[in-house]
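Here the sequence shown is numbered in my numbering, starting from 56 and rising by one per residue.
Ideal Cβ positions, reconstructed from N, Cα and C, are used throughout, including at glycine.
On a predicted model such as this, the values are computed, not experimentally measured, just so you know.
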Amino acid sequence: MIWSNRNECYHNGRCKFPSSLVTAAKIFLEDYMQAAEVHGSLSLVIWHPPSAEKYKLNVDASYEMHSSVAALGVVLRDSCSFILFSAGMKVSGVNSVLQTELWAIRIIADTIDLSLELQDCSFNHIGRSGNRLADAISRSAYVHNGSMV
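So this is what it looks like as structure tokens:
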């Protein structure tokens, strides 16, 4: 929230008052606490590198309703956590979280097509806490025009 406000203020001249950031943070915390109560406890997922001679591709998408813009982040790492490839892309004219997720699914579908040529490939869903780098790349795509590799 603070970083998004800083970027919005710096790049677009639109700044939120500190009191509104505090209110938003309190609401976020309350939502988190309610979700933890409903689901027992929310555990933090930690990213782990793939086993030797394997690769891990993480994909994340984010959406800004006020601007109808989505952003996607992709990062490919090896068993030593070395980044082999990363990219971010901003997509304009997106009208919902669902459309944003469909863009992410498109990337995954392309990956599945590629995986058909690989001998050993598996797919798993992990939460954002285990996908922080792809999340950061998707968020940084908002401040860049077009794509970044």
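Exposure label - residue i; buried when at least 16 CB within 10 Å
i: Met144; result: buried
i: Ala107; result: exposed
i: Ile167; result: exposed
i: Val149; result: buried
i: Ile57; result: exposed
Distance between residue j and residue i (C-alpha atoms, nearest Å)
i: Val129; j: Cys70; result: 29 Å
i: Trp158; j: Val124; result: 12 Å
i: Asp190; j: Trp102; result: 12 Å
i: Phe72; j: Met120; result: 20 Å
i: Leu139; j: Asp133; result: 7 Å
i: Val77; j: Gly68; result: 20 Å
i: Ser74; j: Lys109; result: 47 Å
i: Ala196; j: Arg161; result: 17 Å
i: Arg61; j: Phe137; result: 30 Å
For residue i, the three-state DSSP class (helix, strand or coil)
i: Ala164; result: helix
i: Gly143; result: strand
i: Leu188; result: helix
i: Lys81; result: helix
i: Ser136; result: coil
i: Glu119; result: strand
i: Leu171; result: coil
i: Asn62; result: helix
i: Ala126; result: strand
i: Asn67; result: helix
i: Val152; result: helix
7 Å Cβ shell around residue i - same chain, five flanking residues per side excluded
i: Arg194; result: Ser117 and Ala126
i: Ser163; result: A small correction: the amino acid at residue 163 is Ile; Ser does not occupy that position in the sequence shown. Hits under 7 Å: Val114.
i: Glu156; result: Ala116
i: Cys64; result: Cys70
i: Asn179; result: none
Nonlocal neighbours in the same chain, by C-beta distance under 8 Å from residue i, ignoring five residues either side
i: His66; result: Val198
i: Cys135; result: Pro104
6 Å Cβ shell around residue i - same chain, five flanking residues per side excluded
i: Val152; result: Tyr118
i: Ile181; result: Val100
- Segment contact flag, the stretch 109-123 with the stretch 174-194, C-beta cutoff 8 Å, min 3 pairs: yes
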